[in-house]
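Structure, as structure tokens:
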Amino acid sequence: MFLKPPRHAGPQCGLPPVVIRHPDYPEHQNTLLRFPRLDSAVKQDQHHYGVHHGTVLTACQIITGNPSTAYLSHDKHGNLRVTIDYDGVLLSTEYFLQVPTGIDDTNPYAVICNFEDWKFPHNNIPAEWTNLESAPLTAVSASRICSLSGSSVSTEPAYLVPQNQSDWFHQNRMGDYIANRGQDSGPGNASNTCHLQSDLLRDLNDQAFALVPKKSPEGGYRLVAHYLSTSDYLSYPSNIFHNQEVYQLERYMVEFLYACFAYATFGLLGNFMEYERRVAVLEPGKDASGMDTWVTSVCRMNPQQLADRRNHLETRSLRKRNLPGSGMFTEHLHGTRSDRESLARLGRPIISLQSRRSLRAPGDRSLQPWSNHSREQARSLTFNDLPQEVRHLIWEATWREPRVIGIETPDCDFESQNFPANYGKLKIVGSMTSWLGRDRPEPVDEDGEVITGRVPKEYQYPVALSICVESRTHALRHFTLIRHHKRIEYSFYFNPTLDVFTPSGRSISTDDIIPYMSRVYGRQLTSIKKMITPEDFFWYLRTGVGVICSLSGLEVIQILPEDPSTTITELIKKIQKWNPRFEKDNRWFSRIQLVDYSGRVLGEIEMEPHN
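Position one of the sequence shown corresponds to residue 1 (the UniProt record's numbering), numbered consecutively onward.
In structure tokens, the structure reads:
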């Protein structure tokens, strides 16, 4: 029997990216795009990895308004022009994008940061895209096979222009390319679809790859998958399907393929938007005949304005994405339908007329009297009308209270070193309130281990990650994903400011578990800033320092005294009696706090610098 080896990430997935820079910004602010090195070139009988020149150049033209004169150079002044052909491979660390004739004639040249602000280049698509040829016919003939894997199992329609971009679709007259309109002249038409396995569809929707033309060994251009991401969260390592030829090319309209690539390209601009930029945006305007149209204007935007615009555009699109049959992974991106409905119910009282009135200045005359017109306006107010800082406070209110994170220590054979997958696994024990003993939902054994039980769902996952783009963006500023190296279902979101780690008696007394935990999570453990422990565990911790050494980001240890009447002064005396130099040693953490069983801080010791 022949066994296939497991699929794994190739060495090219871990290489530093090829960076495209903007020549008109300071060196520390000029990163424009980053491309993973997934294309191979043979040089002096050795394989070197880089990125396909034509794909990069096309992406650069898209984000600068489709200028055919754009080119790459090795220097910021544009004197050392890249001379390899369209199908060459870029191998250097960085290149500069030169745009002689951009959206306007002002430097720094403007960049389009959002797909919705991009105009489709009718009759101006690069020739390599319009000269595609089909791959030789294969035995696979089913109409609903996956375009990349050739499998007919668990395939779903994939929309090249996402259905949530119907406004962009109609503004750019993309319906002109639909051969058979039928009942749908928008992005839901079959002309705008291919079929993908459900896991590959998720990666396409996450802008991880697109379909682009590349030259085949026979000399013609074939349509292949080009990956723009090497994220660990992809369904498959990016090298598995990168440069994979697609099936049934004759089914696809080139214009929709080009728009799909553009949509994926705009997902690469997140880092560029972290500084003030000259950007091009689409706004309602008039054409030369005075008719209503969309015009491109250039303005300066700071990072907050750029983020607000992207959030506004994406939130508007999400309303369309959540329509039935949208073909998007709504539940994957935004939580289950029941979760979203319950969250919406939580939000409705916040947008009441009375709440809106309370936000106005005391002397605002618009409140007195209320006309019928004013009442109609008030009824139409939405959540987005609230000031951003108020909306952020609402998202933060959904985070509830601090959670306690523990270590799982199942029984195993230590001699054989055959550890189960959940050995040393970090897990959410519950809320701080429940862990401290008030309304404790789960029993504890003699070692202080929580007996396995179900943690309430609201403590497992921050609901703000699943409401809308703005709530998710704000939540991700405060939460970090702690990933388990073997089982993705063991991963969880952690708030370094709020959440607290606690060791158990078994984890302290078992020699292997702390080193094993360190290997499993690595530098992710630096996110843990607080630890809480009973007083008797603290002495074990300080003796072995295994747990504390593993938590190199630890700042505070909170101690629960055996005797509730213990004061901070008495605790200091105990510590000094055990080790006179202890309070001056800040090698492992900077503060010790004495807390009671309500979580209230009774006192604290500030550590002094270690000599």
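Positions of the beta carbon are idealized from the N, C-alpha and C atoms, including for glycine.
Nearest candidate by alpha-carbon position, reference residue i, set the options
i           : options               : result
residue 187 : 180, 165 and 203      : 165
residue 501 : 398, 406, 437 and 433 : 406
residue 619 : 33, 51, 32 and 532    : The structure shown does not extend to residue 619, since the chain spans only 1 to 611, so no value can be given for it.
residue 109 : 92, 159 and 25        : 25
residue 115 : 211, 74 and 59        : 59
residue 12  : 76, 191, 242 and 128  : 242
residue 271 : 28, 167, 393 and 132  : 28
residue 534 : 596, 226, 261 and 130 : 596
residue 74  : 18, 118, 122 and 102  : 18
residue 231 : 79, 119, 308 and 14   : 14
residue 23  : 602, 79, 558 and 44   : 79
residue 389 : 604, 308, 404 and 102 : 308
residue 568 : 577, 562, 602 and 536 : 602
For residue j and residue i, the rounded distance between their alpha carbons
i           : j           : result
residue 466 : residue 475 : 10 Å
residue 36  : residue 90  : 11 Å
residue 229 : residue 384 : 32 Å
residue 105 : residue 464 : 43 Å
residue 556 : residue 496 : 12 Å
residue 382 : residue 287 : 32 Å
residue 170 : residue 258 : 16 Å
residue 244 : residue 598 : 59 Å
residue 560 : residue 437 : 12 Å
residue 503 : residue 429 : 11 Å
residue 364 : residue 386 : Because residue 364 carries a pLDDT of 40, less than 50, the predicted location of this residue cannot be relied on, and no value is offered for it.
residue 460 : residue 222 : 46 Å
residue 310 : residue 402 : 31 Å
residue 285 : residue 291 : 8 Å
residue 211 : residue 433 : 51 Å
residue 558 : residue 604 : 9 Å
residue 120 : residue 499 : 47 Å
residue 450 : residue 563 : Here residue 450 scores only 46 on pLDDT, less than 50, and its place in the model is too uncertain to base an answer on.
residue 167 : residue 261 : 18 Å
residue 487 : residue 233 : 12 Å
Sequence-distant residues of its chain with Cβ nearer than 6 Å to residue i (five each side left out)
i           : result
residue 20  : 32, 33, 95 and 97
residue 177 : 253 and 255
residue 207 : 264 and 267
residue 471 : 395 and 464
residue 100 : 69
residue 48  : 41 and 91
residue 571 : 594
residue 194 : 147 and 158
Cutoff 8 Å; reference residue i; Cβ partners in own chain excluding five residues on either side
i           : result
residue 151 : 145 and 197
residue 606 : 590 and 591
residue 72  : 20, 53, 56, 57, 60, 81, 82, 90, 95, 96, 97 and 98
residue 479 : 462, 465, 493, 494 and 495
residue 338 : Here the model assigns residue 338 a pLDDT of 41, short of 50, so the residue's position is not dependable and the matter cannot be decided.
Contacts around residue i, its chain only, beta-carbon distance under 7 Å, and the 5 residues preceding and following it disregarded
i           : result
residue 274 : 303
residue 148 : 196, 200, 225, 241, 244 and 246
Proximity below 8 Å, CB of residue i to CB of residue j
i           : j           : result
residue 424 : residue 490 : no
residue 213 : residue 132 : yes
residue 493 : residue 426 : no
residue 192 : residue 160 : yes
residue 393 : residue 227 : no
residue 190 : residue 209 : no
residue 113 : residue 306 : yes
residue 400 : residue 431 : yes
(request) Check whether the region 229-239 touches the region 85-100, counting contact only when three or more Cβ pairs, one atom from each stretch, lie closer than 8 Å. (result) These segments do not touch.
(message) So, does the region 296-305 touch the region 154-165, judging by three or more C-beta pairs under 8 Å?
(response) No, the region 296-305 is not in contact with the region 154-165.
(request) Check whether the region 521-535 touches the region 550-559, counting contact only when three or more Cβ pairs, one atom from each stretch, lie closer than 8 Å. (result) Inter-segment contact for the region 521-535 and the region 550-559 is present: three or more beta-carbon pairs are separated by less than 8 Å.
(message) If contact is defined by three or more beta carbon pairs under 8 Å, each pair taking one atom from either stretch, is the region 214-225 in contact with the region 166-176?
(response) No, they do not touch.
(message) I want to know whether the region 60-75 touches the region 263-280 - three or more CB-CB distances under 8 Å.
(response) Flag = yes, the region 60-75 and the region 263-280 touch.
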